[in-house]
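2 protein chains.
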Amino acid sequence: MGDSSQEESALVKKNVVHLGECVEIMNSLPEKSVDVIFADPPYNLQLAGELTRPDNSKVDAVNNDWDKFDSFRAYDEFTWNWLKAARRVLKENGTLWVIGSYHNIYRVGALLQNLDYWMLNDVIWRKSNPMPNFRGRRFTNAHETMIWVAKSKTSKYTFNYESMKALNDDIQMRSDWLLPICNGGERLKNSEGDKAHPTQKPESLLHRVILSSTKPGDVILDPFFGTGTTGAVAKKLGRQFIGIEQDQEYVKIATKRISQVKQLDDINLVSIEQKREQPRIPFGTLIERGLLEPGTTLYGPKKKYSAKVRADGSLISNEFQGSIHKVGAMVQGASACNGWTYWHMDAEGREVCIDVLRQQVRAEMTN
Amino acid sequence: MGDSSQEESALVKKNVVHLGECVEIMNSLPEKSVDVIFADPPYNLQLAGELTRPDNSKVDAVNNDWDKFDSFRAYDEFTWNWLKAARRVLKENGTLWVIGSYHNIYRVGALLQNLDYWMLNDVIWRKSNPMPNFRGRRFTNAHETMIWVAKSKTSKYTFNYESMKALNDDIQMRSDWLLPICNGGERLKNSEGDKAHPTQKPESLLHRVILSSTKPGDVILDPFFGTGTTGAVAKKLGRQFIGIEQDQEYVKIATKRISQVKQLDDINLVSIEQKREQPRIPFGTLIERGLLEPGTTLYGPKKKYSAKVRADGSLISNEFQGSIHKVGAMVQGASACNGWTYWHMDAEGREVCIDVLRQQVRAEMTN
DNA sequence: GGACGTGTTGAATCGCCCA
DNA sequence: ATGGGCGATTCAACACGTC
Numbered sequence: 001m002g003d004s005s006q007e008e009s010a011l012v013k014k015n016v017v018h019l020g021e022c023v024e025i026m027n028s029l030p031e032k033s034v035d036v037i038f039a040d041p042p043y044n045l046q047l048a049g050e051l052t053r054p055d056n057s058k059v060d061a062v063n064n065d066w067d068k069f070d071s072f073r074a075y076d077e078f079t080w081n082w083l084k085a086a087r088r089v090l091k092e093n094g095t096l097w098v099i100g101s102y103h104n105i106y107r108v109g110a111l112l113q114n115l116d117y118w119m120l121n122d123v124i125w126r127k128s129n130p131m132p133n134f135r136g137r138r139f140t141n142a143h144e145t146m147i148w149v150a151k152s153k154t155s156k157y158t159f160n161y162e163s164m165k166a167l168n169d170d171i172q173m174r175s176d177w178l179l180p181i182c183n184g185g186e187r188l189k190n191s192e193g194d195k196a197h198p199t200q201k202p203e204s205l206l207h208r209v210i211l212s213s214t215k216p217g218d219v220i221l222d223p224f225f226g227t228g229t230t231g232a233v234a235k236k237l238g239r240q241f242i243g244i245e246q247d248q249e250y251v252k253i254a255t256k257r258i259s260q261v262k263q264l265d266d267i268n269l270v271s272i273e274q275k276r277e278q279p280r281i282p283f284g285t286l287i288e289r290g291l292l293e294p295g296t297t298l299y300g301p302k303k304k305y306s307a308k309v310r311a312d313g314s315l316i317s318n319e320f321q322g323s324i325h326k327v328g329a330m331v332q333g334a335s336a337c338n339g340w341t342y343w344h345m346d347a348e349g350r351e352v353c354i355d356v357l358r359q360q361v362r363a364e365m366t367n
Numbered sequence: 001m002g003d004s005s006q007e008e009s010a011l012v013k014k015n016v017v018h019l020g021e022c023v024e025i026m027n028s029l030p031e032k033s034v035d036v037i038f039a040d041p042p043y044n045l046q047l048a049g050e051l052t053r054p055d056n057s058k059v060d061a062v063n064n065d066w067d068k069f070d071s072f073r074a075y076d077e078f079t080w081n082w083l084k085a086a087r088r089v090l091k092e093n094g095t096l097w098v099i100g101s102y103h104n105i106y107r108v109g110a111l112l113q114n115l116d117y118w119m120l121n122d123v124i125w126r127k128s129n130p131m132p133n134f135r136g137r138r139f140t141n142a143h144e145t146m147i148w149v150a151k152s153k154t155s156k157y158t159f160n161y162e163s164m165k166a167l168n169d170d171i172q173m174r175s176d177w178l179l180p181i182c183n184g185g186e187r188l189k190n191s192e193g194d195k196a197h198p199t200q201k202p203e204s205l206l207h208r209v210i211l212s213s214t215k216p217g218d219v220i221l222d223p224f225f226g227t228g229t230t231g232a233v234a235k236k237l238g239r240q241f242i243g244i245e246q247d248q249e250y251v252k253i254a255t256k257r258i259s260q261v262k263q264l265d266d267i268n269l270v271s272i273e274q275k276r277e278q279p280r281i282p283f284g285t286l287i288e289r290g291l292l293e294p295g296t297t298l299y300g301p302k303k304k305y306s307a308k309v310r311a312d313g314s315l316i317s318n319e320f321q322g323s324i325h326k327v328g329a330m331v332q333g334a335s336a337c338n339g340w341t342y343w344h345m346d347a348e349g350r351e352v353c354i355d356v357l358r359q360q361v362r363a364e365m366t367n
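Line order of the protein sequences matches chains S and C. When you number the first sequence by full-length UniProt numbering, it's gap-free, plus one each residue, and the end is 367. When you number the second sequence by full-length UniProt numbering, it's gap-free, plus one each residue, and the end is 367.
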């Protein structure tokens, strides 16, 4: 640290994208010169075969050479190497973010611990619009995981607690963040109109990462720069960045993109209002939480129809089974039905609409 | 497998809690005898009194002069051992769930992959009422992570897709679950009125785990049984369980707790019929049974294409002949097609999907 | 020019049975 | 073991064209 490091630092080109392999370039940077590292490494997806949607259209999967590894061992070695190089350039009080999915994040997390990084949080990016599970064979893979670590247990790292609280309607920011995936106008396209990069991250995600863990003027390094979301948001928020990317095409795209970004006039005014989320309460929640016993009989208006509740939140009437909405529609011969207002239960002699129970759960969930 | 395994199985006491160390007890069970394992392993090393160093010397948590590397090594070895024993007792088509936090889950996940378990999902339990971060130095740690794995890539594991969809108001269940932590009347207290166990899991969480990945009658093993939430919910939902717990006090508490649980009256209430398990009805059956006359014209959507039914259950269009699926695919130029939902017929002026006829046959067959 | 309907798309480890 | 046939399967957001 100190003078010599600052002198060296001055020689490093900031706010540009360096073309090349990230370990090599990181090793060419002065040690302990970077405040925060954000890394979006290859996920090692191990995809095989093709996947089609129910309408027979083909899913455009990640099929790039940079995501292909021969084995977990090879992926671990790759990961170890870049984490080690990252550690060298990171300041003692710096922090590092890595994003990944279940394919790779457990390996990354274990290696971070082995390298004496100190875990501060794991943060779940909940996607508001994930790709569905087309075959119905698993749960919809609706999130990605970010691990946030300090260089050591004793690091005096930056965490802008008040900014995060302000961003979250004056409630502490939680470790699960609901944000949309990157599409629409933000998604960069190539000359053919296809997506320029298969895994471009949304700016809203980087916005929260950078606001939470850096100060204005801090240097943010991204060793897998891609189309440069980290650089674009860093510039916008008055931070500096060092981008490393080994694909010349991506370097070109990112450079152009960032040149069009304007730094915000007053960073202190930055705030993306966050509406407090009104959680959706599915009917099944009432059963899981014991507010309604499986086997309970529900009635339609005037007790014309009845159906029984099952443990999975489906209803069963004489002929039909399905959700409260579906069975409600079917007994009436209607095309649709709001089951919440249609079905009632006996509660101490009185008919109670099941929507009352939902309001009860919602009150508990938002308190 | 087969007879000998069944004989052995008969000797294993089910629906009871076994007192002892989980690896030892799992190794005493017959191999490939368990459908699902749910594990909530300790991650506070102080709790894991049995930890040994790789050289088999005891880790002394009180005089902990061992460094961090040793501690991760010890935790990995502990984890490796129980995952290995779990793998032996798990059926080929069985699945395993592990729950943990950022302290341990990355080590567990990496070891699962190293042991050739095949990841199906990681599932985020979002706590609706997490403990706040009192010092305001990090994000509120508001979730825990569950990893769901099959024994191998080729396992034919159980996933009750329709049940999960029903539970979630007819939308695919996502990988992030919002559920409250265990407190109130559900939280077991000791004689002093303190919580009986530090990490008692909510029954709602196990309800969803068990409904999603087991059939009624399946055997669920929990090697870190604690106060027996897994057993309580398994019994309620008509599943069997094998509990293993090394603390005599917990065994007592869990046993008493489960004895007070009642199984739901009707096992049929427990799970809606999964479409994939319905009997297969060949298209030709409709003709044989007189529900469809040979020579009838069927139409694709918007009557864009048509084809005629022949007596042997094949279709013939202008150019193609073959099964309802093949002809459906060929007229569209698609690689595949579900003929049951593609083809429609005129019935008294209305378009009727031929799948309706299949449902009629199914109803007749089950009555 | 808004309402509505149609079409496209996104880091995805996405069948099973039987001959 | 392996290949072919049966037949199961999608949510939210955005773009675009029509009325």
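Note that beta-carbon positions come from the ideal geometry of N, C-alpha and C, so glycine has one too. All values derive from a computational prediction rather than experimental measurement.
- prompt: Going by Cα to Cα distance, which pick from GLN172/S, ARG53/S, CYS353/S and ALA234/S is closest to LYS303/S?
  reply: CYS353/S
task: For the beta strand (DSSP E) containing GLN278/C, list its first residue and its last residue.
output: Premise fails: GLN278/C is in no beta strand (DSSP E) and is neither H nor E.
query: How long is the line joining the alpha carbons of GLY109/C and SER101/C, rounded to whole angstroms?
result: 11 angstroms
task: Assuming LEU51/S contacts PHE134/S (C-beta within less than 8 angstroms), just tell me the rounded distance between them.
output: 6 angstroms
- prompt: Span of the alpha helix (DSSP H) holding GLU186/C?
  reply: Looking at the DSSP string, GLU186/C is not in any alpha helix (DSSP H), and its letter there is neither H nor E.
field: HIS325/S, enclosing alpha helix (DSSP H) - first and last residue
entry: 324 to 332
- request: Under 8 angstroms by Cβ, that's how I've got PRO279/C and ARG358/C pegged, so tell me the actual separation to the nearest angstrom.
  value: That pair is no contact at about 10 angstroms.
message: Any beta carbon of chain C sitting closer than 8 angstroms to that of CYS86/S?
response: Cys is not the amino acid found at residue 86/S; the sequence shown has Ala there. ALA86/S does not count as touching chain C.
message: Between VAL17/S and GLU245/S, how many whole angstroms is the CB-CB distance? I'm expecting something under 8 angstroms.
response: 6 angstroms
task: Entirely within the region 282 to 354 of chain S and at least 4 residues each: give me those alpha helix (DSSP H) ranges in chain order.
output: 283 to 288, 324 to 332 and 339 to 342
field: Straight-line Cα distance separating ASN56/S from SER155/S
entry: 52 angstroms
message: What does the alpha-carbon distance come out to for the pair PRO282/S and LYS201/C?
response: 21 angstroms
message: Let me see if you follow: with CB-CB separation under 8 angstroms, is VAL36/S close to chain C or not?
response: no
message: So if I threshold CB-CB distances at 8 angstroms, which residues from the region 166 to 178 of chain S count as touching chain C?
response: GLN172, MET173, ARG174, SER175 and ASP176
query: Excluding the five sequence neighbours on either side, which residues of its own chain have a C-beta within less than 7 angstroms of the C-beta of PRO294/C, listed in chain order?
result: If we look at PRO294/C and ignore the five residues flanking it on each side, its Cβ neighbours are ILE287, VAL309, ARG310 and ALA311.
query: Which bits of chain C does HIS143/S rub up against, with CB to CB less than 7 angstroms?
result: ILE124, SER175 and ASP176
query: How is the alpha helix (DSSP H) around PHE72/S delimited, first residue to last?
result: 72 to 89
- request: Mark LEU211/S as exposed unless 16 or more other C-beta atoms lie within 10 angstroms of its C-beta, in which case mark it buried.
  value: LEU211/S should be labelled buried.
message: Spatial neighbours of LYS153/S within its chain, please: C-beta separation below 8 angstroms, excluding the five flanking residues on both sides.
response: TRP118
message: Please state the DSSP three-state secondary structure of ASP122/S.
response: strand
query: Contact check, ARG208/S vs ALA232/S under 8 angstroms by CB: the rounded distance?
result: Actually they do not touch by this definition, with Cβ atoms about 14 angstroms apart.
Element boundaries [beta strand (DSSP E), containing residue 448/C]: Because chain C spans 1 through 367 in this model, residue 448/C falls outside it and cannot be assessed.
- request: Label TRP66/S either buried or exposed according to how many other C-beta atoms from any shown protein chain fall within 10 Å of its C-beta, with 16 as the threshold for buried.
  value: exposed
query: Quick one: Cα of ASP169/C to Cα of TRP340/C, how far?
result: When rounded, the separation of the alpha-carbon atoms in ASP169/C and TRP340/C is 25 angstroms.
- request: Verify the CB distance criterion: does ASN129/S have a CB-CB separation below 8 angstroms to chain C?
  value: Not closer than 8 angstroms to any Cβ of chain C, the Cβ of ASN129/S fails to qualify, so no.
field: Bounding residues of the beta strand (DSSP E) (the contiguous stretch that carries LEU19/C)
entry: 16 to 19
Where ALA150/S sits in the DSSP three-state scheme: Looking at ALA150/S - three-state DSSP - the assignment turns out to be strand.
- prompt: Helix, strand or coil: how does DSSP classify GLN246/C here?
  reply: coil
Burial state of LYS13/C, where buried means 16 or more other Cβ atoms lie within 10 Å: exposed
task: Confirm the yes/no value for this check: CB of GLY328/C, any heavy atom of the ligand FAD, distance under 7 angstroms.
output: In the structure on display, the ligand FAD does not appear, and there are no ligands present to speak of.
task: Measure the C-alpha to C-alpha separation of TYR161/S and LEU264/S and round it to an integer number of angstroms.
output: Each residue's alpha carbon lies about 21 angstroms from the other.
Counted within 10 angstroms of its Cβ, other Cβ atoms place ASN27/S as buried (16 or more) or exposed: ASN27/S is exposed by the Cβ-count criterion.
- prompt: chain C beta carbons: is any one of them nearer than 8 angstroms to that of ARG358/S?
  reply: no
message: Quick check on ILE354/S - is its C-beta less than 8 angstroms from some C-beta in chain C?
response: no
query: Using the beta-carbon of each residue, which ones in chain C are nearer than 7 angstroms to ARG289/S?
result: SER204
message: Counting C-beta neighbours from all protein chains within 10 Å, is the total for residue 389/S 16 or more, i.e. buried, or is it exposed?
response: The displayed coordinates of chain S run from 1 to 367. Any statement about residue 389/S would go beyond what the structure contains.
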